[in-house]
Structures are given as C-alpha cells and as structure tokens.
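Asker: This is the structure I want to talk about, given as structure tokens.
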Amino acid sequence: MNELLIKNACVIDPLRGINAETMDIAIRDGRIVEEVSGAAEVIDAHGALTLPGGIDSHTHICGTKVNFGRYMSPEDMRAGRTPRRGPLHATSGYSVPTTYGNSYRYSVMGYTTLLEGAMAPLEARHTHEEFTYTPLQDTMANVLFDGNWGVMEAIRDGDIKRVAAIIAWTLRAVKGFGVKLTNPGGTEAWQWGKNVSCIRDPVPYFEVTPAEIIRSVVEANELLHLPHSVHLHCNNLGTPGNYTCTLGSLGLIPDLNRKRQTLYATHVQFHAYGGSGWRDFCSKSEPIARFVNMRPQIVMDMGQVMFGKTTTMTADGPMEFNLYRLHHDKWSNHDVELETGSGIIPVIYRRKNLVNSIMWAIGLELALLTKSPWQCLLTTDNPNGAPFVRYPEIIALLMSKRYRDAEFATVHPDTAARVPLPAIERELDWYEIAVMTRAGQAKALGIQDLGKGHLGPGAEADIAIYPLRIDEVDPSTDYRKVIEAFGRTEYTIKRGRVVARRGECLVDGSNATFWVRPKVSDAYDMGKDPDFIEKFDRYYTVRMRNYPVQEEYLNRNRCIETEAAI
Amino acid sequence: MIVKDAVCPFCGCLCDDIEVEVEGNRVVAVANACELGTTKFMCEERLKGPILRDGDGWKEITYDEAIRYAADTLLSAERPLLYGWSGTHGEAQCVGVHMAELIRGVIDNTSSVCHGPSILAIQEVGHPGCTLGVVKNRADLVIYWGSNPIDAHPRHLSRYTRYADGFFLENAFRDRKVIVVDIRRTQTANIADEFVQIKPGGDYAVLSALRAIVQGKTETIPRTVAGVTREQLVRVANLCKGAKFGAVYFGVGLTMTRGKYKNIRNAIELVSELSRHTKFTISAMRGHYNVYGSNEVNTWMTGYPFGIDFSRGIAFYNPGETTAVDILARKECDAALIVGSDPAAHFPRRCLEHLADIPVIQIDPYPNATTAFCNVQIPVAVTGIDAVGTAYRMDGVPIRTRRVLSTDYPSDEEVLLRMYTLMQGAR
Amino acid sequence: MKVTLAMKPGPRSFIPIEAESIVPKNFLAGTDLAVWRGNRELRLDEVFSVSVEGDADRPEDVEVVLSGDDTFRLKRVGEYMDGGKITVLGDIGMHCGNFMSGGTIEIHGNADGWLGREMTGGTILCRGDVADYCASGYRGGRKGMKGGSVEVFGRAGDFLAESIAGGTVTVHGDAGDMAGAEMHGGTLIVHGDCRRPAANMKTGSCYVYGTAQGMLPTFAKNGTVQHEGRTLIHFTGDIANRGKGNLFVKGYKYLD
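Chains as they are written, first to last, in the working numbering: chain A, 1 to 566; chain B, 1001 to 1427; chain C, 2001 to 2256.
See the structure below:
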C-alpha cells in the first residue's frame, strides 16, 4: 500500500465546482481517497495552487508524422539537447522533441495526460510504440477517418450504420480512442494532387461531400456511444476567408449528446480568417466565437500561434503543400493508402509579419470572446502554432490585458486595423485557466468518469502543484510570475507518485494507453463482413490479419468498452 | 502445420502474405515468397551457442559468460561503436539505443552504407512520399532510378507496380507506364516502357536538366546530358507531367554514386517541381527488412535516424564523422558491438583492418564474414522465424512479424537486455 | 598572453579528443579546462604540457599555440571563438572554428572536415589542404558560412562552402566535387580546377580560375568578363533551382 497526503493545497477543481479552497488530498495506490493512514508520506503544499494534472486534448507527439518531423530536422534536434542523467534518458529537439523530450517537458509543466491528435490506422502500431517511450503521461490517439474508402462508400450508399461499423472495427483494431476528421475528403483528393474547396465540393470518384462526411461520421460516432465526440479539423485550413467554411461546418452539427459536445473543432485559430487574399487578410474570431457561444454542442481549441520557430505537421497534405509553396523550405508529404495522408514543413512565425501577427491575435481572441471556458480549450496544436512549452506564456496572455498590450506593441503595426484584440478587456481568472487546461479537456474527451481531470475520491492521482499563491499574485500585473509558475511545477504527481519536482523529472515512468472498443452486433462486425474483407485483401498492401495492433503494444492497457447501438 | 500471413524478414518490401509449412519444427516449404525470402525461411546453418575466440580457434561458452564478456568490454571502452541493427526487431533496437546512451558510445545502423545519403537529402529538402498501396492503387507512371528490383526486391513489381492491379487501374500492365533509369541495361530495364541510360556519375546533371525542362527552360539544356539526348529528356518530362500519379523509386545506384545525397536531393526537388503540375511521389528502395525501423527507433529516441554519438552524453549527429565506416576507417573506436548485420561482407578494407585490431562482439544467428573478426559471437533467434517483433516496411508501415518455429535461442532483445542490465549495475 | 599547448606523447591512439574549450577567451580565466577523449573527461594538462607567458584581459590579446604530432586528433578547437588567435603547428581535426565570429585561426598543416562550419566572422588560414565540407553548414541544409573569410593554400575536398550564405572562401589549389553547392550568397574562389561548381545555387558568386569539370547543364551562358586580369566565362543559374547566381569559369567541360 502506497499512501501520500498533500496538505494545505489551494485547490481549483472545476469538475467538482471547487474554486480555490484550501484542503488536503489523500492518495492511496495511485488514486484519490477520502483519507489515508498516519503512515502516509506527507507533502506540504503551503497553500500553493493545486490543480488536477494537465490534459492536452490536441497535440502531436507520437507516430509516423511526428517522427518524420524529427527525422527531417537535425537542425531542430540540436536546438534542445540534454544528456542522460540518473533515471532520465537523453533528449533532443525543440519543436519536435524526442519522445522522452516531450514527456519530460510536459511533466515539468504539470501535464499528465496527452491525446495524440492524428493517427493513421495503417501506421497505428508506430504511434503505440512511441507512446511506450512517453513514460510520464497517459496517452490516447485520435484515429483518422477523413479519407477512409469504406466510410466514404458507406456514406455514398446512405448507410450510417455501416459507417459506424467500420469505425468500430478500426478503433478496436488500431487501439484508437476517438474519431478524427482532418480536411474531410481533402486528403483523398490530395492523393490525386487535388483538394476540396469547402464542404459542398464533392470528393473525386467517391462523390460524397465533406459536409456529408462530417454529418454521417458525427451520427455514427454517437451510435457507437464513444466517450469523445468527432474531432474535426475543418476544410480549408490556413486560407484567407476560410471562416465561412468553418461556420458552415459548425452549422452542420445537431446537439446529440447530453454529457458532452457533439463536435470538437480543433485549432480553430487556423480556421478563423477573413479577407479575399493575403492583402486583406483579417481576423474573423468574432463571428466564430459568437456562433459557438450560441451552440453548446460545439467545443473548440485555440490552436494559438506564438512567434518563433516551429514545425507544422498535419494530416492535411494539400495545405502543407500550399504552405511549402509560400515558404519554399523543406516539404514532406506522406499519403496513406485507403485512409488519409500527412504533410510537414518547418516555419518561423515572425512578429514583423502582418499575417503572423494577425494569427497570433486570433487565437487569443477566440479564447477571450468565447464566454464559457469549457468551450474553448488551450492548445497550440503542438507543434503547429508553437511548441507546447509556450503554454505558460499563453496562460499569462489570457490573464493579463497589460501583457497583451505590451506584446501587441511589438507586432506588425498594421495588425490593429485587422483584429479586435486591442479592444478586448477580458482577463481570464485562475478557475477559467484550470478549465481550459484540464477540466474542460476531461469533459470534452469524456474521460472524467475514468478519473481524469478532477481530484474527487476515486480519481487518478494526477496532480500539479504550482509554486504560486493565488492570494498573493495578481496575474494582471505579475504575469511574469504566472509564466514562471506554469512553466515549472513544484510537484507533478502521476498516479500517486511524484514524477517531477521544480523542473526536474525524478523517475522513469510507465504510461497507460486509453482506447475504445465499441461492442457491436455480429451483423455489424466488419471482421466477418465478406465485402469488407474482400476489398481489404484487394486494395491494402498489408494482410487483414496483420493489420490490428496487438495488445503487446499497450504498456498499461486501459480499454473502454462501449455498448454500440448497432 | 502451415503458418499463414507470415512476414518475410529479408528485404524492405516486408511481404506479409507468406505461407510457411512447418513439419517437426523445421520449415519444409514456403509459398508466396521470392527466392531470397524462401532461402531465408529455409534457414541456413546456425551457430549452436556462444563462442569465444581462443587462440586460432573457438571455444564454446555459456550465454552468461558471453554476455558478461560483452558488457565488460563495452563498459571499459572510451569510444564503443554499436553497429548494425537493420536485421533485428525494433524492440531490440530500443535496448541498443538505451545501451549507447548509458555507455556513451556511438550507435549507427546500416543506413550509413546504403540509404544514409537519402536521409541527408531528406533533411535538406523533405520527402514527398506515400505508402506502397497508394502507388499500387493509383500510379499510372512508375520510375525506377538506380534500382533493380528484379534482383534486389523481386516482389516489388508484382505487389506494387508493374504487375499489380489496383483500385484505379484494372489492368496495371497496360495502364501503367514504367521508366527505368540506370547506367546499364538491367533486367528491370528489359520490362520497362522507356529506358534512360546515363553515363556513370551523370545522374545529378540529368536530374537538374529534367527540373529545368519541367519548368519550360529547355533551350538552355545542351544537346546531350550525360549520354542522354535532349529529345529523350523532353519525352520523359512530358510523360511525368502527363501522368495522373507518378512514383519514383530509387536505389543505391543513385545514393552511392558520385554526389551521393545531392543526387537524391535533386531527385526530390524534381518531384517537388512535378507536384506543381500533377501528383508525384518518391521513395527509397530500402534494403534490409528493418533498416527503416532502425531509423525510426533511433529518431524517436535520439532525434536522429543513424550515426548518433553519445560520447558527451547528449546525442550528436554528423554522418561522415559519426558513421561506422568513417569511424572504423579513421580508427576512432576501441570496441565494437555488431548486431543484425555483416559489416565484414560490405565494408572497405581499411575498416576491416581496424575491426581486426579491437575487441568485437557479434550478436547474430549465423556464422558470417564478420565472425572472422569477432572475439565473441552470441547466436540468437531470427526475427520473423523464431522471434517476434516489430519491423518497419520501406514505406514506414510497421508490421509485427510472426513466429513460425519455436527454438531455445534467446531473442536479440533478451540478450541485449541482459547486457544492459549488467551495465546498469556497473554504472 | 601566449598559451602554448604541446600535446603529450602517449600510446598510439586515434580516439578523437574534443577540445571546444580551446578558445582564446577561456584562457583569460586560467588553464583549468577540460577536454574529452571519447567518453572520458580529462583535464587539459593530462593531454597537453601547458605553458602561459604574459597576461591579458581581453581575448584579442590571447594567442594559443597548439603543437605536437597528434593535433590531428583534436576536434572543435576554436568553436564559438570571438577574438584572439589560435595557431596550429601541425594538422587539426574536424570542426575547427565552428561558429567562429571573430579572431584568427592559422593552421600550418592540413585541416580535417568541417573547418569553419557555420562561421559568421573572423579569419581562418590553412597552409595545407582541407578535407570535405570546409566552410559549410550543418546537416539539414541550413545556412553555411555567413561571414568572415577562409583561405586555403592547398587543395580542398568535396562540398567546399556548401550552402554558403556570406563571407569569402578562397582555395589556391584544386577543389573537389560539388564546390559551392546550394550557394545562396557570399563568394567562393577556386584558383585551380573543381567538379560541378555551384550546383543548385540561388545567389552569390563562384569563381573557378581553372576548369569546371562535369559542368552542370542548367547554367545559362552570358559571354565573357574580365576579372583581375583573367578572361572568365560568365554563367547564371542554377536555373533548375530558379537561381540567379553568378558562376565565372576559365574553362568548363560538360559530361555530355
């Protein structure tokens, strides 16, 4: 029996409605309990801010595409190297660190759970292998269905149940967690070097539109009773005027789930652009936020851009090619048979660049204009908008008008005429930040009942204690202290064990992987469906028996079974 | 007993549709595999147990003794080299990286003598590629450049290109054009629709000329480039631009000839240029069945695909300096661990001279050319035959190999883990 | 101040010694420095007989003299050097003068690979030959040399001044293959012959006073120019890369 008692913690636990109460937290064998014995080890938090462990609901940390970002970037790798030290392995990289680099740096910031935003099913085994070497966080992966031939054919045939059945078979086979659509239809078109312009533009040959894909997959997702909603990267990422496409996509979504949103729209900053070209490029954060404010069925994440170097990587192959034509640096692309694709290019976001300055403002505006913090979560779409190590700065920007103004004074001078940011007075409070960095994620991912994102009895003892007393620090003026504190916990506790202390990781951990197995009737078991099997054998280059990811690849296996309605 | 859907541990095609017939724990027949794969499954003579050099001969030692010897030797070295890795599973490669980190050695894989230049090129300009099935289902034009799949990757043509029907090509042989570019008329050239014969060392110039022609700057190009007429270059450029989906596969004929990674860079830049006109991809014909896995493992664990020097604790990467051939030729290491490869069969003489001078431990199932250079050899199970593990196909698709036989041999991973555990105890 | 570092003779070994601590400014604070032989950390005086004459309070007044038979084993000497002088009375190992921004390095023997990699200023003189990648960039195709000058009195290996973006490189002998590849700024002058100069260049100037062997077909000929008493043929390119660089050669041969 392993017991730990955290005393005098100033707890903000939004899922339980607790806002800055000083209390003790008892932990036994990795879970939070009502009380522990007198033999428990004691940590005195001395009134420091204590939150559930951070959760990143959209990040790119593991898998084929991420690893290719490393592979092609020795110049990024040498930008952040640490040696092997005690139980810690060597790390390399700044914008796309090695798996250990990601894990240690997230841990130091108090993050204990990560969702890999995009996993191609055919290459899922790779993602799981890297999860094993991401030891200090629990992990889960969204599975890409944006260009899935079987799904598109079923949609064309009007058979939503078959869509659900294919998703169920695939999630189970690849040990995936959620359903991801990246530029739905566009990734298939890109395998011909084409794209779809918006949601009404049919996909070549398959003759279904992105709108049909989004609607059908959302319905199928709910038939399967998955913990998470569909996770959508809208069409047209990064193009001027794309906000109308984004609004059109969000407008497709009915409210189908009482416990959570029906659609998670990711990195919306990249989808909130006005203008007819780069010359009149401007922010359209206001119409997007207004729209989301009226629709509880939508949750989004920011996709904040921060100035500096990074590497962009997404399943959205055509978008990356367009970016490459703008930057003309290196460009990688990787199309995956019958399923999806991906692209990678390095970028530098510059303050002196008007477009980049506007992008920076839009992310902040979305967070500040969305009334409920539960509906706009904090991300950079790591590493697309910026590496996750920039999160503390984003928190400070959201909490301090003064900091925003100081930063705004350094961006391109024409930015003011193109964005509403300077007029926004709102400063988020500690509670709202706690929602946007853990509680909101747990709710949106549907994992609060699994003991994630809160500190109630039975919860996993994933806890972050920040070296900060909220009764002493005014974030509006002391934003430097906010940045420092969120960058380096006093303690990060994972499954009841202190894994990081004051910027140093202490142990080599052992992560758990969450995945979903929807239980479907025999009639909808694609593993027995002759047509599915025949097409698989004819068009894939891997045998169907060799496709599923074996449970050997899951370090700590956390299977979530759902009762599907098919 | 017949094992279906077995995975062939020979070349980078990593065919996973092999049927292996086993009788009395012996492979008696292999179906679907090419000749190379069949030979591999039929098993060569293996070493029975670990051996230690004893004067001019060998003496048998136990696994414990061999592992202890290996750990001690590597621990006492100032610059140990851990080389090979392409002929083993990913799980063993992971242990290898941890070991290199712990003992502060250099870890390198066989890429440094095959597709290392491709990686250097990708690091300069990126890599527009795809999985093999995308080509099978869509490509109406395939170019083999400096590669001869009939010899080296026999089933590449039947599974993915020349003879492989796909979703959008019902009759691949008729609907798909194949161009072969090489310095000599290879067997693959004989089944091509167009053969471009280049003078040795002329690939770079031809690629540059094609890039210019695709941009419409034909007038600058001399009448012939490295033995290829301008007319043929224009015809090839037009075939490329006219294709709906083109795929380039290149081999060591491009990576290991004059200019090395600049050749590959130029080929990639040609493909990027063509991507402005139509769909085009490019990929390397990787040799060993899991050389790509070795690159992947090294990359997620160290940040670099091969040639990683941990002497100073942090990972330092500089092919040409931190790669096995360079280190051996310059005599810059003082002990070596060889896993899953046979450098003595491929490395230049200067490298072998140094290998003969330093303590060498080899982990390999078979006696091979490197055996003559090693002090200890530790036999292990063969991944894909009597060991299970992960391998990455040449296009990055990871596949778990199957076990077709059961033997008492430990896997590479087990042997390496035992060595690593001893080393951890000592440090 | 003059610091003399004479390498101690030892058992014959080729294990490289990384000595990035050998930079003039470091000696302002004494000679208590470390170097690494493979994975072993050694004190400077375990490898060298160290003697110091005079004193100084700025790097510009420090000269470091390296001598001994084994100086070819020393890597990274003068890395990040910003002033003062290093004199090598023999051959020097790889990565000498990496990231150098000021001062002078003079090598009386040959220099191994990556001499002056990614340097931004200062001067390197090599009296002997240089191996591959002199004045180049790092893997990943980033900018090579950005400023300063490198002068080589012997021959140069392959990939000379790869990705050069500024500064001047002069080689008095021949250079190898792919001299000035990916050039996008700066000046490269080869007095002898070389192969395939300025491949894929974007901008910058490359002069070959001898013959450009294997001349690439993607440079457009613009007639002749007079340059320091020589008549040179002027090309622009590399048109394959939409480049607008200048390549001047005395003679050229296509691989046709």
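Just so you know, even glycine gets a beta-carbon here, dropped at the ideal spot from N, CA and C. Every value quoted in this text rests on a predicted model; they were computed, and no experiment measured them.
For the beta strand (DSSP E) holding residue 119/A, just list the boundary residues, first then last.
Answerer: Note, residue 119/A: beta strand (DSSP E), 111-119.
Asker: Relative to the C-alpha of residue 1387/B, which candidate in 1115/B, 1129/B and 1406/B has its C-alpha closest?
Answerer: Of the candidates 1115/B, 1129/B and 1406/B, the one whose C-alpha sits nearest the C-alpha of residue 1387/B is 1406/B.
Asker: One question on the structure: do residue 2033/C and residue 2042/C come within less than 7 Å of each other, judged by their Cβ atoms?
Answerer: Contact: no.
Asker: List the residues of chain B that residue 122/A touches, going by C-beta distances under 7 Å, in chain order.
Answerer: Near residue 122/A (Cβ distances below 7 Å), the residues of chain B are 1131 and 1397.
Asker: Which term fits residue 1267/B, buried or exposed, when burial requires 16 or more other beta carbons within 10 angstroms of its beta carbon?
Answerer: Counting Cβ neighbours within 10 Å, residue 1267/B comes out buried, since at least 16 surround it.
Asker: Report the rounded CA-to-CA distance for residue 1344/B versus residue 1352/B, giving the unit in angstroms.
Answerer: Rounded to the nearest angstrom, the two C-alpha atoms are 6 Å apart.
Asker: Distance check for residue 433/A and residue 37/A, CA to CA, integer angstroms please.
Answerer: The alpha-carbon atoms of residue 37/A and residue 433/A are separated by roughly 33 Å.
Asker: From what residue to what residue does the beta strand (DSSP E) around residue 2234/C run?
Answerer: Here the beta strand (DSSP E) through residue 2234/C covers 2230-2237.
Asker: Could you tell me which uninterrupted alpha helix (DSSP H) segments, each at least 4 residues in length, are contained entirely in the stretch 59-106 of chain A, listed from first to last along the chain?
Answerer: Those alpha helix (DSSP H) runs which fall completely within the stretch 59-106 of chain A and span 4+ residues are 64-71 and 74-77.
Asker: I'd like to confirm the pairing. Which residues does DSSP put opposite residue 301/A in its beta bridges?
Answerer: In DSSP, residue 301/A forms a bridge with 377/A.
Asker: According to DSSP, which residues form a beta bridge with residue 518/A?
Answerer: Beta-bridge pairing links residue 518/A to 562/A.
Asker: So residue 1116/B and residue 1319/B are in contact, right, with Cβ under 8 Å, and what is the actual spacing, rounded?
Answerer: That pair is a contact at about 6 Å.
Asker: Can you check DSSP and say which residues form a bridge with residue 10/A?
Answerer: DSSP, once it has assigned bridges, lists 22/A and 49/A as partnering residue 10/A.
Asker: Over the uninterrupted beta strand (DSSP E) stretch that includes residue 1195/B, give me the two end residues.
Answerer: Per DSSP, residue 1195/B belongs to the beta strand (DSSP E) from 1194-1197.
Asker: What residues in the stretch 1126-1157 of chain B have a beta carbon less than 8 Å from any beta carbon of chain A?
Answerer: The stretch 1126-1157 of chain B vs chain A, Cβ under 8 Å: 1126, 1127, 1128, 1129, 1130, 1131, 1132, 1133, 1134, 1136, 1137 and 1138.
Asker: Does the Cβ of residue 1001/B have 16 or more other Cβ atoms within 10 Å, making it buried, or fewer, making it exposed?
Answerer: By the neighbour-count rule (16 or more Cβ atoms within 10 Å), residue 1001/B is not buried but exposed.
Asker: Name the chain A residues that come within less than 7 Å of residue 1118/B, Cβ to Cβ?
Answerer: Ordered by position in chain A, no residue passes the 7 Å Cβ test against residue 1118/B, which lies about 11 Å from the chain.
Asker: Just how far apart, CA to CA, sit residue 535/A and residue 157/A?
Answerer: Each residue's Cα considered, the two are about 16 Å apart.
Asker: Please list the partners that residue 2016/C has in chain B, where partner means a Cβ-to-Cβ separation under 7 Å.
Answerer: By Cβ distance, chain B contributes 1332.
Asker: When the distance is taken between beta carbons, is residue 177/A closer than 7 Å to residue 120/A?
Answerer: Cβ atoms of residue 120/A and residue 177/A: not closer than 7 Å.
Asker: How is the beta strand (DSSP E) around residue 1005/B delimited, first residue to last?
Answerer: Segment 1002-1006, the beta strand (DSSP E) holding residue 1005/B.
Asker: At which residues does the alpha helix (DSSP H) containing residue 1283/B begin and terminate?
Answerer: Note, residue 1283/B: premise wrong, no alpha helix (DSSP H); beta strand (DSSP E) at 1279-1284.
Asker: Closest to residue 275/A by C-alpha separation, out of 247/A, 293/A, 301/A and 242/A, would be which residue?
Answerer: Comparing Cα-Cα distances from residue 275/A to each of 247/A, 293/A, 301/A and 242/A, the minimum goes to 242/A.
Asker: Nearest chain A C-beta to residue 1261/B closer than 7 Å, yes or no?
Answerer: It does not; no Cβ of chain A falls within 7 Å.
Asker: When you check each C-beta in the stretch 80-93 of chain A against every C-beta of chain B, which residues fall closer than 7 Å?
Answerer: Taking 7 Å as the Cβ-Cβ cut-off against chain B, the residues of the stretch 80-93 of chain A that qualify are 81, 82, 83, 84, 89, 90, 92 and 93.
Asker: Check the C-beta distance from residue 229/A over to residue 264/A and give it rounded, since I have them as a contact under 8 Å.
Answerer: Yes, residue 229/A and residue 264/A are in contact; Cβ-Cβ is about 5 Å, under 8 Å.
Asker: Compute the distance between the beta-carbons of residue 1078/B and residue 1326/B, then report whether it is under 7 Å.
Answerer: No; because the gap between Cβ atoms is not below 7 Å, this pair is not in contact.
Asker: By DSSP, does residue 1130/B sit in helix, in strand, or in coil?
Answerer: In this structure, residue 1130/B counts as strand in the three-state DSSP scheme.
Asker: Taking the alpha carbon of residue 1340/B as the reference point, which residue from 1005/B, 1011/B, 1084/B and 1033/B has its own alpha carbon closest?
Answerer: Of the candidates 1005/B, 1011/B, 1084/B and 1033/B, the one whose C-alpha sits nearest the C-alpha of residue 1340/B is 1084/B.
Asker: At 8 Å on the CB atoms, spell out the chain C contacts of residue 1199/B, in chain order.
Answerer: Within chain C, the residues near residue 1199/B are 2255.
Asker: Output the distance between the C-alpha atoms of residue 1313/B and residue 564/A, rounded to the nearest integer angstrom.
Answerer: If you take the alpha carbons of residue 1313/B and residue 564/A, they lie about 51 Å apart.
Asker: At least one CB of chain A closer than 7 Å to the CB of residue 1424/B: is that the case?
Answerer: Output row for residue 1424/B: interface = no.
Asker: Can you give me the start and stop residues for the beta strand (DSSP E) that residue 2048/C sits inside?
Answerer: From DSSP, the beta strand (DSSP E) with residue 2048/C extends over 2048-2053.
Asker: Throw me the rounded Cβ distance for the residue 1050/B and residue 1271/B pair, which I believe falls under 8 Å.
Answerer: About 48 Å separates the two Cβ atoms, so there is no contact after all.
Asker: Distance cutoff 7 Å, beta carbons only. Does residue 2012/C sit that close to anything in chain A?
Answerer: Taking Cβ atoms only, chain A never reaches closer than 7 Å to residue 2012/C, which makes this a no.
Asker: On the three-state DSSP scale, how would you describe residue 401/A?
Answerer: In the structure shown, residue 401/A sits in a helix (DSSP, three-state: H, G or I).
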